[in-house]
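One structure below.
Residue numbers (the numbering used here): 375 to 489.
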């Protein structure tokens with residue numbers, strides 16, 4: 375942010391962050407931390423460990439799914455935000471038109487270069 379100039383956003387970085395978040399969600403979807411846990415339940419039938427395996431499998435699966443969903447929503451928000459911001463900036467530039475000095479007011483001497 376620059377004094378008097380407002381806030382500047384690097385839209386390419388915002389969009390890139392959205393893509394990176396989407397990739398992270400894809401990676402989380404592929405994580406399989408629990409292939410060996412069912413073997414614990416089979417090896418110790420009826421034990422507390424066997425009961426805990428089901429709870430742990432469910433918690434991990436739900437936790438990863440929720441995180442990936444939240445990451446995808448965040449990714450979409452970043453990417454949409456970058457597009458919307460760029461569109462708004464373009465619209466503002468179009469609405470304001472080119473930057474030209476205002477014409478002299480009637481009755482005032484026109485400036486004629488440096489004095």
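C-beta: ideal position from N, C-alpha, C; glycine also.
Predicted model only: the values in this text are computed from it and were never measured.
Go through its chain and collect everything with a Cβ distance to residue i's Cβ below 6 angstroms, but skip five positions before and after it.
i: residue 446; result: 399
i: residue 448; result: 395
i: residue 442; result: 399, 402 and 403
Between residue i and residue j, how many whole angstroms is the CB-CB distance? I'm expecting something under 8 angstroms.
i: residue 438; j: residue 414; result: Wrong, their Cβ atoms sit about 19 angstroms apart, outside the cutoff.
Within the same chain, show all residues whose beta-carbon is closer than 7 angstroms to that of residue i, passing over the 5 residues directly before and after it, in chain order.
i: residue 431; result: 408 and 411
i: residue 455; result: 388
i: residue 465; result: none
i: residue 385; result: 456, 459 and 460
i: residue 376; result: Unreliable positioning characterises residue 376 in this predicted model, as indicated by a pLDDT of 47, which lies under 50. The coordinate reading is nonetheless provided below. Taken in chain order, the list of residues that qualify is empty.
Quick one: give me the first and last residue of the alpha helix (DSSP H) that residue i is part of.
i: residue 474; result: Per DSSP, residue 474 belongs to no alpha helix (DSSP H) and is neither H nor E.
i: residue 403; result: 385–404
i: residue 411; result: 411–417
For residue i, which option in the options has the closest C-alpha, if you only look at C-alpha atoms?
i: residue 444; options: 429, 396, 404 and 464; result: 396
i: residue 450; options: 381, 391 and 380; result: 391
i: residue 405; options: 476, 473, 435 and 474; result: 435
i: residue 381; options: 478, 474, 470 and 463; result: 463
i: residue 453; options: 393, 379 and 476; result: 393
To which residues of the same chain is residue i closer than 8 angstroms at the C-beta, ignoring the five residues directly before and after it?
i: residue 477; result: none
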